[in-house]
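If you're matching positions, the sequence shown starts at 139 in my numbering and goes up one per residue. Think of the CB as a built atom: it goes at the ideal place given N, C-alpha and C, for glycine as much as any other residue.
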Amino acid sequence: MALLIKDNCINCDMCDPECPNEAITFGAEIYEINPDLCTECVGFYEKPTCMAVCPINCIIIDPAHVETEQQLLDKFAELYIQSS
Ligand code: SF4
Ligand code: SF4
139 MALLIKDNCI NCDMCDPECP NEAITFGAEI YEINPDLCTE CVGFYEKPTC MAVCPINCII
199 IDPAHVETEQ QLLDKFAELY IQSS
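Have a look at this one:
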């Protein structure tokens with residue numbers, strides 16, 4: 139699953155530098171997660187690191203982007219493993 143930042147985000151900038159996939163950027167008003175880049179940290183960490191650092195717990199699983207562990211691994215592979 140990709141994750142989603144709720145609109146009560148306080149723009150504290152804690153999550154953005156922690157994302158290994160550079161999936162978090164500042165949007166129109168709050169930080170946003172690109173679901174094409176978010177692997178729920180699969181391939182890097184056991185748990186989503188953005189969720190761990192958010193001081194107000196405003197990052198949730200995005201119900202519009204539910205993915206299996208295998209799909210997340212495939213996304214990770216597409217992002218990082220080049221075919222030779
Ligand atoms: S779960 Fe991991 S990959 Fe997804 S936005 Fe958060 S830090 Fe980035
Ligand atoms: S850590 Fe939480 S409150 Fe801070 S910018 Fe990220 S989503 Fe917003």
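Quick one: what does DSSP say residue i is sitting in, helix, strand or coil?
| i | result |
| --- | --- |
| T187 | helix |
| L175 | coil |
| F214 | helix |
| E170 | strand |
For a test of your reading of the model: does the CB of residue i fall under 7 angstroms from any non-hydrogen atom of ligand 4? Yes or no.
| i | result |
| --- | --- |
| Y183 | With respect to ligand 4, the structure shown offers nothing to examine, as its ligands consist of ligand 1 and ligand 2. |
For ligand 2, any of its heavy atoms closer than 7 angstroms to the Cβ of residue i?
| i | result |
| --- | --- |
| I198 | no |
| Y169 | yes |
| N159 | no |
| D151 | yes |
| C147 | yes |
| I219 | no |
Do residue j and residue i come within 8 angstroms of each other at the CB atom, strictly closer than that value?
| i | j | result |
| --- | --- | --- |
| I168 | C188 | no |
| L142 | E160 | no |
| L211 | V180 | yes |
Got a sec: does ligand 1 put a non-hydrogen atom nearer than 7 angstroms to the Cβ of residue i?
| i | result |
| --- | --- |
| P193 | no |
| P186 | yes |
| T177 | yes |
| L141 | yes |
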